[in-house]
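Chemist: Take this structure first; my questions come after.
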Amino acid sequence: MDVVILSRIQFALTIMFHYLFPPLTIGLGLLLVFLEGRYLKTKDLQYEAATKFWTKIFALNFALGVATGIVMEFQFGTNWAAYSRYVGDVFGSALAAEGIFAFFLESGFLAILVFGWDRVSAKMHFVATILVALGSIFSAIWIIVAISWQQTPAGFVLREVATPAGTVMRAELASFREVLFNPSTVDRLVHVLLGAFVLGAFFVLSVSAYYLLRERHVDFARKSFTTAIWVAAVASIAMLISGDSQGRMVARHQPAKLAAMEGIFHTTDSGAPIHVIGIPDSEEKTVRYSLEIPGLLSFLVHRDFNTPVPGLDQFGADIPPVGLTFFSFHLMVGLGIYFIVVTLYALWCLKRGTLFNRKWLLWVFVFSVIGPFIANEIGWVAAEVGRQPWIVYNQLRTSEAVSQNLTPSQVLGSIIMFGAIYAMLFAVWIYLLNDKIQKGPEPVSIPPKGSLRDAVDVASRYPGHTDSLTEAKDKD
Amino acid sequence: MDLNQLWFILLGFLLAGYAILDGFDLGVGILHLSARDDRERRIMMNSIGPIWDGNEVWLVTFGGAMFAAFPNVYATVFSGFYVAFMLLLFALIFRAVSIEFRSKRDSAAWKRFWDFSFFGASLLATFLFGVAAGNALIGIPINAEGVFTGAFLDLLRPYPILIGLLTVSFAVMHGAIYLYLKTEQALQQLVHRWMWRGFGLSLISYMLATIFTMAVMPEALRNFREHSWSWLIVIATVFAFANVPRAIFLGRPFYAFLSSSFTILALVFLFSFTLYPNMVVSSTSPDYNLTVFNSASSEKTLGIMTVIALIGMPFVLAYTAVIYWAFRGKVRITEHSY
C-alpha cells in the first residue's frame, strides 16, 4: 500500500477514535450546566450529587478527548505536509484560533469544575462549569469552520509564492469573513452540535434506564430520564430539519457527493428517487435490491418532485467511493429516524405514566446509546469520504496532499502504534465508565462522612487556618 | 518590525510559556518514581492534577500558530521529524491517561503500571523536545522544496542528544522547585535534595551545551555580534540561573521558582535569537533554509492572526492567573483528587 492510502487509514483511525469523546463532552457539558444551575436555585442536594456524578464521567471523557485530540493537530503536518503548505495560510488560522479561544478556556476551567468544589465559592464553580461548556462549543465552532472550508472553500485566492525550488501555488486568505461563513459552516455546525446533544441525552438515558432496571438510585434516575428524554426528542426532531437543510446545501455545493450518498448513477430526466434501502453497484451503475420512493430526492433538494438531480455520470472520474458514502449516509439517516421514533414513543408512555413499568423499553434505552455514537461517526464518514477524491473540494486532490518524505513502513508503524494504544484506551475507557456507573452518584440522605476529620478539613480550607495548622504541625 | 518578525516573537512567547509551564509538570513526572509510597505519589500527581492540561494547551496553540503563521516550517518540521513526533504523541497520550487512570482502581499492579508510564512518558517527551530544538539549531537535511531527505537516526546526533539532556535537567530542577512549593515535611525534604541535583545537572549540561554550540555552529554568534544589546540577555540568563541556588539556599523557594522560570524564558530567547532569521536550517544548502520571510503566510493572514492574538491572549493570561490562584498552596488530597 502507498503512503496516501496508509495516511488516510491513519487519519480515519485517529479521528474516529477521537470523535468518540468530543460530542459526549459537548452534550454532557450542557447537562452539567443545567444540573448545577438547578442545584444553585433549589439547593436540592440530589442535584448536587447528580452534578458531581456526571462531572466524573465528563472528566474521564474530557481527558481522553485531550489525549487523542493532540494527535489530530500534529497529523496535518506529519502526514499531510503538502496539504499544510497549500492551505496553511487559510486553514491554520482557524486552528490557532481554536487553541487561543477554546482550548485554554476549557482546560483551565475544567480544573475548577473537577477539583475546585472546595476551593472556590458555589457561584464561581457554576461560572467555571458554564465556561467549560462554552469552551467545548467554541472548539466545535472553530474546527468546523476549518473542516467546512475544506468542503466548500471560499474567501481565498490562489497565488504563486517564491520558494528556493521555484514558484509554487498556494491558497491565500482573501476574506476572513467568507472563510468563517463559507457555504457549509452554519449547516454543519448546527448538525454537529445537535448530534452532540442527541448523544449526551442518550447517554444519560442509558445510565438512568440501567439504574431503574436495577432499582438503584431510583429518584436520581427518574429525574435524569425525564429531563433527558425531552432533550433527546427535541434534538432528534431538530436533527431532521437540520439534515434537510444540510442535504440541500450539499446538493448546491457538492452535487457529486449528494449523488453518491443517494446512489444516483444516472442523471434523471425528471424527478430523482430516494433509495430507502439498497446496495449500490458501481460496476453496473445501479442500486440493487432497492426500495425506491420516486421523485422524493428531487422534492427534498428542490422542493419539486420533477426537477432532475445530476447523477454521478456528470462528474467524470472525480467521484467519491459510492458504496461507503451511500451506506454510511443511509445508516445515519436510519438511526436518526430511529431516535425520533423511540424518543416520541417513550414520551407518549411517560405522559400515560407507564414508561417506568415497561422494562423492555428501558432495556432498549440502555443499549440505544450505541446508536448516536455510530451516527456521529458515520455521519462524518459520509461527509468526508463523500468529499473524495478532493482534500480541498475542487482545489487539491488527496493524493497530492501527503508528505513527500514518508515511507509506507513509517506510516504503517504509526498505524500499528495508534491501533495498539487506542485498543487499550478503549478497553480502559469502557472499564472505567462501567466502574463509575456501577458506583453511581453519592447517596444524599446520609450526611457525607460526617466526622471530626471533616470539620478539620473544612476549617483548613480557610487560608488563614491552613497556615496556622501547618505551622502547628511543623512544630510537633 | 514587520508582521513576520512579530509572529516569530509571538511563537517564541508561546514556546516559552509552554517550556515554563509544562516544564515543571514534565519535571514532576520525571521525579514521580522518586516518591516512596502511594500517598507521596498521589501528592506529586495532584500537585499538577488541575493544571497540566492547561499547560499542554500552550503546545497545542504553539503548533496551531506555527501552522497558521509559518505553514512551510510546520509542514517541514512535523513531516521531517515523523518518527520523533509519533514517539512524542505516544508519550503525551500515555502521560495524559496515566494521570487520569492511576487512582481510578485500588490495585498495586495497576498503580505501578501507570506510575512507570507517567515517568517514562514524561521523560521521553521532555527529551524529544530538546532533540527537536537541537536539530533545528544545527540543521537537518532538507531540499529546495523544504522536504526532509534524511532518516530518523540522522536526528539522533550527539548535539541534539545533549540538548535533550539539557531540557531533561532543567525540567528536573524546575519541577523539583515547583514540588517544593506544593509539598510538606518528609516529601518536601526529598524534593529539596532533587532541587540541588537538578540544579547540578542543569549547570553541567548548560556549560556543555554552550561549549558545543560554539564548536558545532560557527554561525552561532552571528546575531550576537550584530546586536550587542543581546549580550545583556546572556548576562541576565547567567544571573537568573545563578540566583536559583542562591534562592534555594536562602530558603525562598518561590523566588527560586521565578528565577528558574526566567532562566527558561531566557534560554528560549537565546535559542530563537541564535536561529533568527532562520526557523529551520538546511544542512544541505544555506539557500534552502526556511526563514521567517520565505516560509510565512501572507501579510493579510498574519494581520488577522495578530488581531486574534490581541483579543485572545489577555483572556488566556487571565484564565491562567485565575486557575493558579484557585489552586495555590500545598496539595491536599480530597475525594476529588486523582
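Residue numbers (the working numbering), protein chains in the order written: chain L, 361 to 836; chain H, 161 to 498.
The beta-carbon is built from N, C-alpha and C at its ideal position, and this holds for glycine as well.
In the DSSP assignment, find the alpha helix (DSSP H) that holds residue 433/L and state where it starts and stops.
Modeler: From DSSP, the alpha helix (DSSP H) with residue 433/L extends over 405-439.
Chemist: Out of 387/L, 426/L, 652/L and 673/L, which one is the CA nearest neighbour of residue 643/L?
Modeler: Per the Cα distances, 673/L.
Chemist: Any idea which residues DSSP pairs residue 308/H with across the strands?
Modeler: Beta-bridge pairing links residue 308/H to 302/H.
Chemist: Let's see if you can read the secondary structure: which residues bound the alpha helix (DSSP H) around residue 169/H?
Modeler: Here the alpha helix (DSSP H) through residue 169/H covers 163-191.
Chemist: Of the residues that make up the stretch 742-767 of chain L, which ones have a beta carbon closer than 8 Å to any beta carbon in chain H?
Modeler: Per Cβ criterion, the list reads 763, 764, 765 and 766.
Chemist: Of all the options 507/L, 463/L and 448/L, which has the alpha carbon lying nearest to the alpha carbon of residue 499/L?
Modeler: With distances taken between Cα atoms, residue 499/L lies closest to 463/L.
Chemist: In chain order, what residues of the same chain have a beta carbon less than 6 Å from the beta carbon of residue 169/H, not counting five sequence neighbours either side?
Modeler: Result list for residue 169/H: empty, nothing under 6 Å.
Chemist: Applying a beta-carbon distance threshold of less than 7 Å, which residues of chain H neighbour residue 384/L?
Modeler: The contacting residues do not exist; residue 384/L stays about 15 Å from chain H at best.
Chemist: Assign residue 345/H to one of two classes, buried (16 or more other C-beta atoms within 10 Å of its C-beta) or exposed (fewer than that).
Modeler: Label assigned to residue 345/H: exposed.
Chemist: According to the Cβ coordinates, are residue 777/L and residue 250/H closer than 8 Å?
Modeler: Yes; because the gap between Cβ atoms is below 8 Å, this pair is in contact.
Chemist: Please determine whether the Cβ atom of residue 429/H lies at a distance below 7 Å from any heavy atom of the ligand GDP.
Modeler: In the structure on display, the ligand GDP does not appear, and there are no ligands present to speak of.
Chemist: Let me see if you follow: with CB-CB separation under 8 Å, is residue 436/L close to chain H or not?
Modeler: Yes, contact with chain H.
Chemist: Could you please give me the residues that DSSP links to residue 650/L through a beta bridge?
Modeler: Its beta-bridge partners do not exist; DSSP assigns none.
Chemist: Count the other CB atoms, across all protein chains shown, that sit within 10 Å of the CB of residue 617/L; report buried if there are 16 or more and exposed otherwise.
Modeler: Buried.
Chemist: Interface residues of chain L around residue 479/H at Cβ under 8 Å?
Modeler: Neighbours of residue 479/H on chain L, chain order: 464, 465, 468 and 469.
Chemist: Check for me: the alpha helix (DSSP H) holding residue 740/L runs from which residue to which?
Modeler: Its alpha helix (DSSP H) spans residues 730-745.
Chemist: Only counting the same chain, and skipping five residues up and downstream in sequence, which positions put a Cβ closer than 6 Å to that of residue 419/H?
Modeler: The residues are 400, 403, 404 and 407.
Chemist: Rounding to the nearest angstrom, what Cα-Cα distance links residue 460/L and residue 425/L in this structure?
Modeler: Near 17 Å, if we compare the C-alpha coordinates of residue 425/L and residue 460/L.
Chemist: Do residue 537/L and residue 515/L have their C-beta atoms closer together than 8 Å?
Modeler: For residue 537/L and residue 515/L, yes; Cβs fall inside 8 Å.
Chemist: Are any of the Cβ atoms in chain H nearer than 8 Å to that of residue 810/L?
Modeler: Its pLDDT being 47, under 50, residue 810/L is placed unreliably by the model, and the measurement read from it follows with that caveat. No, residue 810/L does not count as interfacial toward chain H.
Chemist: When DSSP labels each residue in this structure, what does residue 756/L get in the three-state scheme?
Modeler: Three-state result, residue 756/L: strand.
Chemist: Compute the distance between the beta-carbons of residue 255/H and residue 285/H, then report whether it is under 8 Å.
Modeler: Cβ atoms of residue 255/H and residue 285/H: closer than 8 Å.
Chemist: Just to make sure I have the definition right: I need the residues of chain H whose C-beta is within less than 9 Å of the C-beta of residue 320/L. Which are they?
Modeler: Because chain L here runs from 361 to 836, residue 320/L falls outside it and cannot be looked at.
Chemist: Please report the residue range of the alpha helix (DSSP H) in which residue 628/L lies.
Modeler: Unbroken run through residue 628/L: none, as it is neither H nor E.
Chemist: So if I threshold CB-CB distances at 9 Å, which residues from the stretch 221-239 of chain H count as touching chain L?
Modeler: Within the stretch 221-239 of chain H, the residues whose Cβ lies closer than 9 Å to some Cβ of chain L are 221, 222, 223, 224, 225, 226, 227, 228, 229, 230, 231, 232, 234, 235, 236, 237, 238 and 239, listed in chain order.
Chemist: Using CA coordinates, which residue listed in 225/H, 174/H, 313/H and 351/H is at the minimum distance from residue 241/H?
Modeler: Here the closest residue by C-alpha is 313/H.
Chemist: So, with DSSP's three-state summary, where would you put residue 809/L?
Modeler: Confidence at residue 809/L is low in this model, with a pLDDT of 48, below 50, so the placement of that residue is unreliable and no value is reported for it.
Chemist: Since residue 393/L contacts residue 539/L with CB under 8 Å, what's their CB separation in whole angstroms?
Modeler: With a Cβ gap of about 30 Å, residue 393/L and residue 539/L do not count as contacting.
Chemist: Classify residue 232/H: buried if its beta carbon has 16 or more other beta carbons within 10 angstroms, exposed otherwise.
Modeler: Buried, because 16 or more other Cβ atoms sit within 10 Å of the Cβ of residue 232/H.
Chemist: Where does residue 436/L land, buried or exposed, given buried means 16+ other C-beta within 10 angstroms?
Modeler: Looking at its Cβ environment, which holds 16 or more other Cβ atoms inside 10 Å, residue 436/L is buried.
Chemist: Any beta carbon of chain H sitting closer than 8 Å to that of residue 532/L?
Modeler: Output row for residue 532/L: interface = yes.
Chemist: Helix, strand or coil for residue 473/H per DSSP?
Modeler: Residue 473/H falls in the helix class under three-state DSSP.
Chemist: DSSP state of residue 375/L, grouped into three classes?
Modeler: It is helical.
Chemist: How many angstroms separate the CA atom of residue 836/L from the CA atom of residue 190/H?
Modeler: Only weak support exists for where residue 836/L lies, its pLDDT of 36 falling under 50; the value from the coordinates is given anyway. Distance between the alpha carbons of residue 836/L and residue 190/H: 32 Å.
Chemist: For residue 689/L, which residues in the same chain have their Cβ closer than 6 Å to its Cβ, ignoring the five residues on either side in sequence?
Modeler: Answer for residue 689/L: 621 and 742, listed in chain order.
Chemist: Have a look at residue 449/H and residue 466/H and give me their C-alpha separation to the nearest angstrom.
Modeler: Roughly 25 Å between the two C-alpha positions.
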